[in-house]
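By UniProt numbering, the letter at position 384 of the sequence shown is numbered 384, and the numbering carries on one by one without gaps. Scroll down for the structure; my scribbles are underneath it.
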Amino acid sequence: MMTQEFVNLVLIHTKNLIYDESKFKNGVKVPHNGEVNWLDAKQKNELQKRQIALPLSDLVIPYVDSLVQSNNPKKEESEEEVKQEVKQDEEDHESSKKETVKINSSTYIEAPFKPEEKKPLNLKNAKIVSPLTTVGNLPYRRLMKTLGADITYSEMAFALPLIQGSNSEWALPKAHESEYPGFGVQIATSKNFQACKAAEAIAKLTTHVSELNLNCGCPIDLLYRQGQGSALLEQPNRMVRLLKGMNYCSGDIPVTVKLRMGSKDNNPVADVIVKKLLKEGDVAAITLHGRSRQQRYTREADWDYVSKIGSIVQEYNADQVEDKDARDKRPVYLIGNGDCFTHEDWYRAVNNPNIDSVMIARGALIKPWIFEEIEAQQYIDKSATERLSILEKYSKFAITHWGSDEYGVNSARRFLCEFMSFTHRYIPVGILERLPPKLNERPPQWKGRNELETLLGSNDANDWIKISEMFLGKSSDSFKFIPKHKSNSYENTENSNKPVATEE
1 MMTQEFVNLV LIHTKNLIYD ESKFKNGVKV PHNGEVNWLD AKQKNELQKR QIALPLSDLV
61 IPYVDSLVQS NNPKKEESEE EVKQEVKQDE EDHESSKKET VKINSSTYIE APFKPEEKKP
121 LNLKNAKIVS PLTTVGNLPY RRLMKTLGAD ITYSEMAFAL PLIQGSNSEW ALPKAHESEY
181 PGFGVQIATS KNFQACKAAE AIAKLTTHVS ELNLNCGCPI DLLYRQGQGS ALLEQPNRMV
241 RLLKGMNYCS GDIPVTVKLR MGSKDNNPVA DVIVKKLLKE GDVAAITLHG RSRQQRYTRE
301 ADWDYVSKIG SIVQEYNADQ VEDKDARDKR PVYLIGNGDC FTHEDWYRAV NNPNIDSVMI
361 ARGALIKPWI FEEIEAQQYI DKSATERLSI LEKYSKFAIT HWGSDEYGVN SARRFLCEFM
421 SFTHRYIPVG ILERLPPKLN ERPPQWKGRN ELETLLGSND ANDWIKISEM FLGKSSDSFK
481 FIPKHKSNSY ENTENSNKPV ATEE
């Protein structure tokens, strides 16, 4: 039986495809060295059959609902809507238990963990990679840790498939040991029942999670129509209930939230929401993307508004220090997000006293060494060979993660091509006529300083496949690649109305 190390060695040096027939036939997947937060088939099956006890969730729905109603007599939802939501949650909750638990006014419900009682987060001036769909996979995050990232996040996971034991969904919280501490799991949901169960399941079944993040900013229409993602910006009371439920059920894992400015242009609501979250949400950190849902990823992010929200957070933190009854509380972090592409962008934000750090998304995809530039406080003109070595390292991590059989190599190739659908947009700083480069500007056609540099800048998917063959062997004739994401989001282009679903 060949060891994984031997297979990888042969693969890299011969450039030929290794086909492990026994692994492919049996479909056996065992944890690789260094990967954590694995669930075995038995655990997933028990989740699917509701055989894993999640007792904290059994109490949280009525607790949170009563707490929110008592603190918020005027809500954006009518009393009848609240009752209907609670009724639906209770029906879902009861169906998940073998024995009915009767909860009445005399039932004692233990108060949730306070944020200061949970594991501390260290986000001040941290180098943070945003949650990213498709491209923010384990090999990419592992690569970013080698390039200076401090904090990474899983791809967005849906709460319902998690509590149903879905194989594909539980693949998302997996992480490499190098990511911890500093690894966050992001979930999306609009239901208290799902949020509580998912938070408790993650806390109970995983070992290397530093924070749980609720997605309240994803602009994708599918999520919005289901009341998830940025739809929660229109229902702040529901958002508070979800966060309180997660906080109660996540044990010592702190809960954070990611927002946008609002749903519609020219109608930002994040200031109202953030004040509410600070007072009632029990969040350890708030990340604000300086765009509305309607903007998606077009036009520049509004960092003045991010700073305004940061001032609200810092004022709240200062008030807590003055309040002797609240001095034990940890300060809430405010993380800015949007259009960070250079070290100058990063330092401009973190030097603002209202902003604790910056979360980087597309900038870390197009220029993966951005954190090295931040550390050096200067532009780094990576040679084509150095950039190619980054892709080679990603390929090695991808083979380690997905395997070296036919399925694993094809998966590694596909995700490497997804990665290159962003990296090809980088224009070497040494040939730029002016600085700084802008993330949303469409660059003119350019020619590299050598043939390899020109190849790395090609927007032809066939060239990306050609580059992948340098590390993963020749691709099969049947392999075709179509990028899942439209990687460019330049303004005033014929495709600017199409969605770009990169950041969560």
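The C-beta atom is built at its ideal place from N, Cα and C for all residues, glycine as well.
Query, Result
"Do Thr134 and Lys145 have their CB atoms nearer than 8 angstroms?", "no"
"If you follow the beta strand (DSSP E) that Val358 is part of, which residue opens it and which one closes it?", "357-360"
"CA-CA distance, Lys102 and Cys196?", "Annotation note: pLDDT 41 at Lys102 (below 50); position unreliable, no value reported."
"Compute the Euclidean distance between the alpha carbons of residue 505 and Ile253, then round it to the nearest angstrom.", "Because residue 505 is not part of the residues shown, which for the chain are 1 to 504, the question remains open."
"Enumerated in chain order, which unbroken segments of the beta strand (DSSP E) with a length of 3 residues or greater are wholly contained in the region 233-314?", "255-260, 285-289"
"Can you tell me whether DSSP reads Glu211 as helix, strand or coil?", "strand"
"Check whether the Cβ atoms of Asn237 and Ile61 sit closer than 8 angstroms, and answer yes or no.", "no"
"For Phe371, which residues does DSSP report across the bridge?", "Looking at the DSSP assignment, Phe371 forms no beta bridge with any residue, so it has no partner."
"With a threshold of 8 angstroms between beta-carbons, can Ile61 be considered close to chain B, or not?", "Protein chain content of the structure displayed is limited to a single chain, and chain B is not contained in it."
"Quick check on this structure: which residue in Ser263, Leu214, Lys244 has the alpha carbon closest to the alpha carbon of Ser230?", "Ser263"
"From what residue to what residue does the alpha helix (DSSP H) around Ala349 run?", "343-350"
"Would you call Glu99 buried or exposed, if buried means 16 or more other Cβ atoms sit within 10 Å of its Cβ?", "Unreliable positioning characterises Glu99 in this predicted model, as indicated by a pLDDT of 36, which lies under 50. A coordinate reading is not provided."
"Is it the case that the region 432-446 contacts the region 340-351, given that we only count it when at least three CB pairs across the two stretches are under 8 angstroms?", "yes"
"What does the alpha-carbon distance come out to for the pair Met470 and Ser458?", "16 angstroms"
"Hey, quick one: how far does the beta strand (DSSP E) through Ala188 stretch, first residue to last?", "183-188"
"How do the region 220-230 and the region 42-56 stand: do at least 3 beta-carbon pairs fall below 8 angstroms, yes or no?", "no"
"Using a 10 Å radius around the Cβ and a threshold of 16 neighbouring Cβ atoms, would you call Pro353 buried or exposed?", "exposed"
"Consult DSSP for Val321 and reduce its assignment to one of helix, strand or coil.", "helix"
"Contact defined as beta carbons within less than 8 angstroms: I believe Met246 pairs with Leu212. What is the distance between those atoms, to the nearest angstrom?", "6 angstroms"
"Using C-beta distances below 6 angstroms, list every residue in its chain close to Ile370, excluding the 5 sequence neighbours before and after it, in chain order.", "Gly363, Ala364"
"Could you give the distance in angstroms between the alpha-carbon of Lys484 and the alpha-carbon of Glu418?", "7 angstroms"
"Using 8 angstroms as the cut-off, can you tell me whether the region 303-320 makes contact with the region 274-287, which would need three or more C-beta pairs spanning the two stretches below that distance?", "yes"
"Got a sec? Which residues, its chain only, sit under 7 angstroms from residue 588 by beta carbon, not counting five neighbours each side?", "The chain is shown only over 1 to 504; residue 588 falls outside these bounds and no answer can be derived."
"Just to check my reading of the structure: Leu243 and Asp282 have Cβ atoms closer than 8 angstroms, yes? What is that Cβ distance to the nearest angstrom?", "6 angstroms"
"Taking only the alpha-carbon atoms, compute the straight-line gap between Tyr63 and Asp265 and give it to the nearest angstrom.", "36 angstroms"
"Beta carbon of Arg330, beta carbon of Pro115: below 8 angstroms?", "yes"
"Can you tell me which of the three DSSP states His401 falls into?", "helix"
"Alpha carbon to alpha carbon, what distance is there between Leu214 and Gln445?", "40 angstroms"
"Do you know whose CA, among Gly148, Ala284, Val240, Asn167, lies nearest residue 515's CA?", "In the structure as shown, the chain begins at 1 and stops at 504. Residue 515 is therefore absent and cannot be evaluated."
"Keeping to the same chain, check which residues put their C-beta closer than 7 angstroms to that of Glu453; ignore five residues upstream and five downstream.", "Ala384, Pro428"
"Do you know offhand how far Asp463's Cα is from Phe479's?", "13 angstroms"
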